[in-house]
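Heads up: the sequence shown begins at 1 in the UniProt record's numbering, then just goes up one per residue.
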Amino acid sequence: QHRPPGASPERYLGLPGSLKWEDRGPSGQGQGQGQFLIQQVTLKVPFSVELVFESGSARAGGSQPLEQLAGSLLTQALESHVEAFREHFEKTFQLKKKGLSPEEQALGQAALSGLLGGIGYFYGQGLVLADMGVEGSEQKVDPALFPPVPLFTAVPSRSFFPRGFLWDEGFHQLVVQRWDPRLTREVLGHWLGLLNADGWIGREQVLGDEARARVPPEFLVQRAAHANPPTLLLPVAHMLKGGDPADFAFLRRAFPRLHAWFSWLHKSQAGPVPLSYRWRGRDPALPTLLNPKTLPSGLDDYPRASHPSASERHLDLRCWVALGARVLGQLAEQLGEAEAAAELGPLAASLEAEENLDELHWAAELGVFADFGNHTRAVQLKPRPPQGLVRVVGRPHPRLQYVDALGYVSLFPMLLRLLDPNSPRLGPLLDILADSRHLWSPFGLRSLAASSPFYGQHNSEHDPPYWRGAVWLNVNYLALGALYHYGHLEGPHQARAAKLHSELRANVVGNVWRQYQTTGFLWEQYSDRDGRGMGCRPFQGWTSLVLLAMAED
């Protein structure tokens with residue numbers, strides 16, 4: 001019973017005083033130190049209560065006993081930290097100066113804070129299936145535990161994806177390096193520390209038992225033949241432009257690993273003809289799948305050739321390799337790495353030459369760049385009891401041709417700024433981007449054209465669409481960067497690119513802000529139909545790029 005002052009006694013459930021829960025070791029070792037403390041407080045609302053947890057060393061031995069960090073002292077300390085954060089934030093991103101509202105500034109601060117709060121230190125062994133050199137071979141080899149490694153990295157979502165993802169991390173670090181370049185050097189150094197003897201880095205880092213407990217079994221094993229977009233080169237490119245001596249010293253030390261990683265990508269993912277590339281590791285063509293996924297590309301269920309084969313040429317991968325050759329070629333020159341520069345310079349020039357890109361990827365009949373492979377659009381899922389939904393292939397039969405899947409992949413030569421501002425191909429890409437029948441939506445660019453037969457389609461009975469229409473922030477950020485780039489270069493499309501940049505920025509930032517106001521979350525993706533947040537949340541990974549979109553950076 002408890003009798004509040006001037007009131008009748010009330011009964012309540014309670015604990016006798018406070019309770020310590022001892023951490024008992026195995027029998028015979030006596031009692032360890034208490035690890036867990038329960039303190040019950042009985043209060044009526046409204047109330048305010050402050051708990052102070054202070055280590056004994058804070059009061060022991062010092063000549064000046066410290067004032068207790070509580071009450072008004074704590075309030076003042078917190079306020080000075082908040083003020084310092086706000087000052088550094090405005091100095092870095094200049095949202096106030098750019099005329100953004102206090103509410104929009106608060107979204108930017110939340111985007112940065114959630115991303116920084118998701119940076120963690122992981123340590124443990126990952127499961128890896130060695131590359132046997134024969135794709136699709138039936139050799140039975142068990143995955144092996146790699147030696148334990150440390151990884152200091154941001155994560156896409158602390159609650160849903162609490163581990164490092166290779167292609168996400170390049171986007172994360174674009175935001176982090178503006179705030180604290182030291183953190184980015186530390187993170188990139190750790191990722192490059194994962195390189196194996198061949199130059200491979202696994203795309204998902206599931207390190208240790210605790211991490212494994214959170215991952216579906218089919219994603220546990222990393223395959224040493226599979227790549228992932230080399231987005232870590234995006235923050236590297238930013239370092240190259242920035243001229244910070246500490247960044248340059250870091251890049252000098254990192255260059256041998258960056259070069260080995262790029263060389264592995266360029267050689268291991270080579271396509272069927274020179275200067276073509278193909279993602280290894282597409283799903284096998286199972287009868288239940290509408291279009292076998294290409295997880296290594298990062299764009300999971302984005303439609304590719306209907307019938308996977310070694311004849312495929314993947315446009316996005318070729319553009320990533322071109323970007324890599326360009327960035328590392330520039331770095332090799334600045335570092336005086338003559339041998340590497342002599343190899344990377346000509347490779348970059350060949351990959352960026354528009355006649356080569358046209359020859360392998362311009363689909364005249366579609367009016368855009370495209371993948372190439374064994375393909376038919378006459379595929380659909382149909383109910384067939386008792387199996388459920390099964391893929392049915394009609395006519396025309398598959399043949400080697402360009403893949404008609406209009407969407408993010410089609411834009412890659414523009415997204416990664418590989419096209420000359422006077423290129424005759426730039427206009428058609430801007431047409432598709434700006435057309436609401438295709439990629440333009442009031443909430444950002446959709447991942448797959450609304451006109452595509454795959455738009456919004458399930459890939460199997462229980463596998464809803466992922467990169468088949470939804471708006472994703474990372475690719476919209478690349479699009480904003482490309483439109484800004486072409487909007488500032490002399491050329492026939494300069495004015496249009498600049499106009500599209502400001503309209504797309506308003507759509508993307510406006511929708512992320514409205515969804516944040518409504519739900520309190522940044523989301524993994526956004527609906528192209530009504531803008532609502534979808535997928536997992538809170539997703540404080542690459543959706544935090546909304547901050548750089550606001551800052552026009």
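Don't be surprised by glycine CBs; every beta carbon is placed ideally from N, CA and C.
A distance below 7 Å between beta-carbons, with the five flanking residues on each side excluded, links L289 to the following residues of its chain, in chain order: D283, R391, N459 and S460. Excluding five sequence positions before and after A224, the CB atoms of its chain that fall closer than 8 Å to its own CB belong to V128, L129, A130, D131, N196, D198, W200 and G202, given in chain order. The bridge partners DSSP lists for R446 are V471.
Distances from the CA of S268 to each of G281, L331 and H438 were compared; the closest alpha carbon is that of G281. Taking a cut-off of 8 Å for Cβ pairs, the region 513-523 and the region 531-539 touch, as three or more such pairs fall below it. When beta bridges are read from the DSSP output, V392 appears opposite Q380. Counted as a single uninterrupted DSSP element, the alpha helix (DSSP H) harbouring Y516 occupies residues Q494 to T519. With fewer than 16 other Cβ atoms inside 10 Å of its own Cβ, Q40 counts as exposed.
Residues of the same chain with a CB within less than 8 Å of the CB of P428, apart from the 5 flanking positions on each side, are G367 and V368 in chain order. For H375, the pairing in a beta bridge is given by DSSP as R399. Contact between the region 438-453 and the region 498-507 is present: three or more C-beta pairs spanning the two stretches fall below 8 Å.
S157 carries a strand assignment under DSSP once its states are collapsed to helix, strand and coil. The shortest CA-to-CA distance from A322 to any of L251, F412 and S306 is the one to F412. Where L127 is concerned, the enclosing beta strand (DSSP E) starts and stops at L127 to L129. Per DSSP, the beta-bridge partners of L151 are F122. Contact annotation: L331 and L478 have beta-carbon atoms that are not nearer than 8 Å. Shown here, H88 sits in a helix according to DSSP, grouped into three states. Taken through DSSP and simplified to helix, strand or coil, Y277 comes out as strand. Shortest Cα-Cα distance from D530 to any of V512, W542 and L545 involves V512. In the DSSP annotation of this structure, the continuous segment of the alpha helix (DSSP H) that includes V546 starts and ends at V546 to M550. Exclusion of the five residues before and after Q401 leaves H375 as the residues of its chain whose Cβ lies within less than 6 Å of its Cβ. Residue environment: Y277 is assigned as buried (16 or more neighbouring CB atoms within 10 Å of its CB, all protein chains considered). For M414, the enclosing alpha helix (DSSP H) begins and ends at F412 to L415.
By DSSP's assignment, Y526 forms a beta bridge with V471 and G533. Taking a C-beta distance under 8 Å as the contact criterion, V393 and A378 qualify as a contact pair. Listed as beta-bridge partners of L145 by DSSP are L127.
Apart from the 5 residues on each side of it in sequence, P308 sits with its Cβ closer than 7 Å to the Cβ of R282, A285 and P292 in its chain, given in chain order. In terms of Cα proximity to S527, the closest of A77, L473 and F255 is L473. K267: member of the alpha helix (DSSP H) spanning P245 to S268, first to last residue.
Three or more beta-carbon pairs separated by less than 8 Å link the region 88-95 to the region 107-123, which places the two stretches in contact. R313 has F372 as its beta-bridge partners, per DSSP. At the C-beta level, L233 and V327 come within 8 Å of one another. Between the region 334-346 and the region 296-315 there are fewer than three inter-stretch CB-CB distances shorter than 8 Å, so the stretches are not counted as touching. Excluding sequence positions up to five before and after S157, its CB lies within less than 8 Å of the CB of G118, E524, C536, R537, P538, F539, Q540 and G541, all in the same chain and listed in chain order.
A distance of 8 Å or more separates the beta carbons of L448 and I432. Relative to the Cα of H397, the nearest Cα in the group G373, Q173, M414 and L51 belongs to G373.
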